[in-house]
Amino acid sequence: MKQVFFALSISLFAFCHSNNVVSNRSDTAVTQAVPASISDTGQAQKPVSLIDSSFFEINSQFPWLEDTIRSYIQLSTNDLTKLFVKDSSIVFMYDGYEKTDTGGYVSVRLGADRYNGEGTVFTTAEVISVDVLSREISIYDIAADSSYLWERPQ
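Numbering (our numbering) for the sequence shown: 6 to 159.
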């Protein structure tokens with residue numbers, strides 16, 4: 006199962022970052038997930054532009070979703086997410102919307118663009134899913150190949 010997930014993730018990543026997409030305009034601009042008031046750096050951060058055709062559709066359908074994700078990022082206990090928040094490079098991108106019989110889930114990747122010695126690649130810190138009815142967040146644990154419900158710290 007892990008191998009299938011890994012292969013599909015790599016395929017999706019390659020498809021989303023392909024330079025072969027012909028468009029006269031970008032469908033989205035992925036915005037920074039941390040407001041400027043939290044940022045400690047004095048330099049202006051530019052949002053990363055990625056092509057994601059579901060961005061506007063998801064934002065118009067669920068206007069509360071972006072704030073929910075930003076809130077989660079600020080409270081996340083994931084070490085890599087904390088590192089990306091600290092250096093103000095964290096962004097999120099919608100990985101898809103899955104409709105079920107009883108509702109739906111929006112899958113979201115949290116991460117940042119990093120230079121790996123050969124070029125810049127998107128490094129995923131976390132993958133989360135947001136239930137569109139209950140607004141609950143599930144965190145995907147890559148090592149265990151399972152998801153668990155996130156509980157907001159008190």
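The beta-carbon is built from N, C-alpha and C at its ideal position, and this holds for glycine as well.
Worksheet entry | CA-to-CA distance, isoleucine 133 to glycine 101, given in whole angstroms | Reading the sequence shown from its first residue, position 96 is the one you call residue 101. Reading the sequence shown from its first residue, position 128 is the one you call residue 133. When rounded, the distance between both Cα atoms is 11 Å.
Worksheet item: Is the region 114-127 touching the region 141-150, taking contact as three or more C-beta pairs under 8 Å?
Response: no
Item to complete: Give the straight-line distance between the Cα atoms of tyrosine 120 and aspartate 146, rounded to the nearest whole angstrom.
Response: What you label residue 120 is simply residue 115 of the sequence shown in a count that begins at 1. What you label residue 146 is simply residue 141 of the sequence shown in a count that begins at 1. Their Cα atoms are separated by approximately 24 Å.
Worksheet entry | glutamate 103, DSSP secondary structure in three states | Residue mapping note: residue 103 aligns to position 98 of the sequence shown, counting from 1. Strand, per DSSP.
Worksheet entry | Residues near proline 158 by beta carbon distance below 7 Å, same chain, minus five either side | Here the question's residue 158 lines up with position 153 in the sequence shown. Only Leu80 meet the Cβ criterion.
Worksheet item: Looking at alanine 117 and threonine 128, is the spacing between their C-beta atoms short of 9 Å?
Response: Taking the sequence shown and counting its residues from 1, one reaches residue 128 at position 123. Taking the sequence shown and counting its residues from 1, one reaches residue 117 at position 112. Contact flag set, yes.
Worksheet entry | Spatial distance of glutamate 62 from valine 90 (CA atoms) | If you number the sequence shown from 1, residue 62 lands on position 57. If you number the sequence shown from 1, residue 90 lands on position 85. Cα to Cα, the separation comes out at about 26 Å.
Worksheet item: Does DSSP put glutamine 119 in a helix, a strand or coil?
Response: For the purposes of this step, residue 119 is identified with residue 114 of the sequence shown, where counting begins at 1. Per the sequence shown, the amino acid found at residue 119 is arginine instead of glutamine. In this structure, arginine 119 counts as strand in the three-state DSSP scheme.
Practice prompt. Within the same chain, show all residues whose beta-carbon is closer than 7 Å to that of glutamate 156, passing over the 5 residues directly before and after it, in chain order.
Written response: Here residue 156 refers to the residue found at position 151 of the sequence shown. None.
Discussion item. For a test of the three-state rule: what should DSSP assign to glutamate 131, helix, strand or coil?
Written reply: Position 126 of the sequence shown, counting from 1, holds the residue named residue 131. In this structure, glutamate 131 counts as strand in the three-state DSSP scheme.
Practice prompt. Apply the 10 Å Cβ neighbour rule to serine 211 and answer buried if 16 or more other Cβ atoms are within range, or exposed otherwise.
Written response: No answer is possible for residue 211: the residues shown for the chain start at 6 and end at 159.
Worksheet item: Where do the ends of the alpha helix (DSSP H) carrying leucine 80 lie?
Response: As a first step, residue 80 is located in the sequence shown; it is residue number 75 there, counting from the start. It spans 70-80 - the alpha helix (DSSP H) in which leucine 80 sits, taken as one unbroken run.
Worksheet item: In angstroms, rounded to a whole number, what distance separates the CA positions of tyrosine 110 and glutamate 103?
Response: Taking the sequence shown and counting its residues from 1, one reaches residue 110 at position 105. Taking the sequence shown and counting its residues from 1, one reaches residue 103 at position 98. The straight-line gap from Cα to Cα measures roughly 5 Å.
Discussion item. Tell me the rounded alpha-carbon separation between asparagine 94 and asparagine 64.
Written reply: Your numbering for residue 94 matches position 89 in the sequence shown. Your numbering for residue 64 matches position 59 in the sequence shown. According to the sequence provided, residue 94 is serine. The question's asparagine does not apply to it. Each residue's Cα considered, the two are about 21 Å apart.
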